[in-house]
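Undergrad: Got a structure for you, written out below as structure tokens; questions coming shortly.
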Amino acid sequence: MSDPDDKARFTALYDAYYARVHAYAVSRAGQQVAEEVAGETFLIAWRRMRDLPKEPLPWLFGIARNVLRDSYRARDRRAALEKELRTWASGEPGVGDVGESVVERAEVLRALASLSGDDRELLTLIAWHGLSAGQAARVVGCSKAAFFVRLHRARRRLEQALAAGASAPGDRAVPVAVLTKGREAAR
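Going left to right, the sequence shown walks through residues 100 to 286 as the working numbering numbers them.
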């Protein structure tokens with residue numbers, strides 16, 4: 100933003116509403132995060148100065164609300180990841196982990212590790228991250244049809260890697276369901 104008028108408008112906006120946005124953040128999340136929320140709110144307002152409505156306070160509160168919501172989501176994701184990592188580190192089975200009843204986690208991770216980075220990405224975008232085929236195709240930069248071909252090939256290579264790891268006597272064969280997890284979601 101190089102326009103001096105925009106800079107003056109932003110300075111006036113900041114001076115007039117920072118205390119109220121900060122107070123809103125304190126009332127929603129407490130003093131600890133209020134500075135960060137208010138700062139992020141005005142950073143977004145700076146970037147979107149051209150969208151400034153006639154009544155800026157509700158707009159600023161909406162931005163602050165979204166910043167808070169995003170911070171809660173990030174906190175929840177971190178907490179879930181920490182919990183999962185603690186569970187994996189302790190060797191305890193995870194609650195509701197369907198994969199545990201089908202195949203040992205170590206076998207799957209070992210088989211995934213033997214695949215190329217591209218194959219791992221294709222498989223995890225669908226099965227672990229829950230993206231549709233169209234969304235995953237955009238991530239990897241190809242058409243949906245090309246993505247399905249690549250995904251099919253990656254699944255076959257994973258199946259081969261799992262079969263190679265299950266060759267010891269007494270090991271059970273890996274069901275195809277493990278390899279096709281998310282196939283319906285991918286369509």
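Each residue gets a CB set at the ideal place from its N, CA and C atoms; glycine is no exception.
These numbers come from a predicted model, not from an experiment.
State the Cα-Cα distance for the pair GLY161 and THR110, rounded to the nearest angstrom.
TA: Rounded to the nearest angstrom, the two C-alpha atoms are 19 Å apart.
Undergrad: According to DSSP, is GLU154 helix, strand or coil?
TA: It is coil, neither helix nor strand.
Undergrad: Can you give the Cα-Cα distance for ARG51 and LYS182, rounded to whole angstroms?
TA: It is not possible to answer for residue 51, since the shown part of the chain is limited to 100 through 286.
Undergrad: Verify whether the separation of the beta carbon atoms of ALA124 and ALA133 is less than 8 Å.
TA: Going by C-beta atoms, ALA124 is nearer than 8 Å to ALA133.
Undergrad: Here's the rule I'm using: 16 or more other beta-carbon atoms within 10 Å means buried, otherwise exposed. How should TYR171 be labelled?
TA: That one is exposed.
Undergrad: Could you tell me the alpha carbon to alpha carbon distance between ALA178 and ARG204, rounded to whole angstroms?
TA: Straight-line Cα distance between these residues: approximately 21 Å.
Undergrad: So, helix, strand or coil for LEU230, using DSSP?
TA: LEU230: coil per DSSP, three-state reduction.
Undergrad: Can you give the Cα-Cα distance for ARG108 and VAL238, rounded to whole angstroms?
TA: So the alpha carbons of these two residues sit roughly 38 Å apart.
Undergrad: Under three-state DSSP, which class holds PRO147?
TA: The displayed chain sequence assigns Arg, not Pro, to residue 147. Coil, per DSSP.
Undergrad: Between which residues of its own chain and ALA128 is the CB-CB distance below 7 Å, once the five residues before and five after are set aside?
TA: Closer than 7 Å at Cβ, skipping near neighbours: VAL136, LEU167.
Undergrad: Please look up how many angstroms separate the CB atoms of TYR116 and PRO155, rounded, as I've assumed it's under 8 Å.
TA: Rounded, the Cβ-Cβ distance is 6 Å, consistent with contact.
Undergrad: What do you reckon, is the C-beta of LEU221 under 7 Å from a heavy atom of the ligand ZN?
TA: In the structure on display, the ligand ZN does not appear, and there are no ligands present to speak of.
Undergrad: Using only alpha-carbon positions, find the residue among GLY229, ILE225, ALA188, ASP150 that is nearest to PHE246.
TA: The shortest C-alpha separation from PHE246 is found at ILE225.
Undergrad: Note the first and the last residue of the continuous alpha helix (DSSP H) segment covering LEU214.
TA: Run containing LEU214: none; DSSP gives neither H nor E here.
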